[in-house]
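A.B. asks:
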Amino acid sequence: MIVKLSSQLEVLCIVMGTGIVKMWPPVEHFPPLLNVRRSSSSSHFTSSSTTTVQSVKNDDNSSSVGTSCGSLKPDVIVAELWQAYTTYLELLEPECAAEREIIARRRVLEEQEAAYEESLRRDQEKEWERAKAKAEEDKRKQLEEEKRINDEIKATQHRLFMAASLPPEPPTPKTPAAEAFLSTPNGVDGITTLRFRLPPQCSNDPNVKHSTMIRRFAGSDILKHVFMFMESKGYSKSDYKLFTTYPIRDLTLMDENMTLANLDLVPQETLTLELR
1 MIVKLSSQLE
11 VLCIVMGTGI
21 VKMWPPVEHF
31 PPLLNVRRSS
41 SSSHFTSSST
51 TTVQSVKNDD
61 NSSSVGTSCG
71 SLKPDVIVAE
81 LWQAYTTYLE
91 LLEPECAAER
101 EIIARRRVLE
111 EQEAAYEESL
121 RRDQEKEWER
131 AKAKAEEDKR
141 KQLEEEKRIN
151 DEIKATQHRL
161 FMAASLPPEP
171 PTPKTPAAEA
181 FLSTPNGVDG
191 ITTLRFRLPP
201 QCSNDPNVKH
211 STMIRRFAGS
221 DILKHVFMFM
231 ESKGYSKSDY
241 KLFTTYPIRD
251 LTLMDENMTL
261 ANLDLVPQET
271 LTLELR
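Just so we're aligned: the sequence shown equals residues 1 to 276 in the UniProt record's numbering.
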């Protein structure tokens, strides 16, 4: 209690402009107080007991201070200290309010800056994700385009190879060239004209239900040559079936080494391609 009172007393003395209290070592009775005088506009400290003023030497006997000795009640001292303390707080309130306002404004600015930084970070992250997704999509499209081009090149090379591997096309029937061809060993089985009816989706003209391809073969040519011709035009046996008109037969199930004459495809036949 004495320590608390002494600390509050120092605050009171500072507020009243009388300086700092010199505290004496603990004694049996209440420690003496400095003779504190308020300003002319305020009243003097009051006490129910009579006090006397005397000179007291300090510990080293080198100086003396004026003290007010007496027995003051603690509740009176606390009341005086509390009144001075509240007065001190009232004096500090404008400054404290200004400080609180500054702190509040600083906090608002910090929160706004943090929100802006977070928004900027999210925008940058979204932009990075969009750029990454676009780069991946562009890479995927590039790979697909490269694959498509490579597939087209390979398919073109395969078609050219199939076309170059075909036996020569016989001349048109009932011409001198055809008569000369029939007199050769390759023409003993005659000449056949095969008409290929393509699926509707393979026609370039939407008004045409079916487009056709025509090619002549020697009767001694084998079924494999017909499939090679189909592949030279981009219709592989693995993707398309080949049917005769009447009777209907699936030539893709036949022996590829059978001659066209043995398959009764001479002198002409209409064949239908059907997508598997």
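Backbone N, C-alpha and C define an ideal beta-carbon position, used for all residues, glycine too.
At the level of alpha carbons, what is the spacing between Cys96 and Gln124?
C.D. replies: 41 Å
A.B. asks: With distances taken from CA atoms, which of Leu89, Lys224, Tyr235, Ala84 is nearest Leu251?
C.D. replies: The residue with the shortest Cα to Cα distance from Leu251 is Lys224.
A.B. asks: Measure from the alpha carbon of Asn262 to the alpha carbon of each residue in Glu127, Ile222, Asp138, Asn150, then state which is nearest.
C.D. replies: Ile222
A.B. asks: Out of Phe196, His158, Ala131, which has the shortest C-alpha to C-alpha gap to Glu269?
C.D. replies: Phe196
A.B. asks: Quick one: Cα of Pro168 to Cα of Ile149, how far?
C.D. replies: 30 Å
A.B. asks: In whole angstroms, what is the alpha-carbon distance linking Lys73 and Ala84?
C.D. replies: Taking the straight line from one Cα to the other gives about 17 Å.
A.B. asks: Nearest CA to the CA of Phe243: which residue from Ala79, Ala180, Arg276, Thr156?
C.D. replies: Arg276
A.B. asks: Roughly how many angstroms separate the alpha carbons of Arg100 and Glu90, rounded to a whole number?
C.D. replies: 15 Å
A.B. asks: Please report the distance separating the alpha-carbon of Arg140 from that of Arg130.
C.D. replies: 15 Å
A.B. asks: Below 8 Å between beta carbons: does that hold for Thr192 and Leu265?
C.D. replies: yes
A.B. asks: Is the beta carbon of Asn186 sitting closer than 8 Å to the one on Ala163?
C.D. replies: no
A.B. asks: Quick one: grab the DSSP three-state call for Ile248.
C.D. replies: coil
A.B. asks: From what residue to what residue does the alpha helix (DSSP H) around Ile149 run?
C.D. replies: 74-165 is the span of the alpha helix (DSSP H), which, as asked, contains Ile149.
A.B. asks: Is it buried or exposed, Tyr246, if we count other Cβ atoms within 10 angstroms and call 16 or more buried?
C.D. replies: exposed
A.B. asks: Assuming the contact rule is C-beta atoms closer than 8 Å, Leu194 and Thr212 should be a hit. Round their C-beta distance to whole Å, please.
C.D. replies: Not confirmed; about 10 Å, so no contact.
A.B. asks: I need the DSSP call for Leu273, collapsed to helix, strand or coil.
C.D. replies: strand
A.B. asks: Put Met213 into one of helix, strand or coil per three-state DSSP.
C.D. replies: strand
A.B. asks: Mind checking which residues open and close the beta strand (DSSP E) that includes Leu194?
C.D. replies: 191-197
A.B. asks: Please go through the same chain and pick out, in chain order, the residues whose beta-carbon is closer than 7 Å to the beta-carbon of Glu146, but skip the five residues on each side of it.
C.D. replies: none
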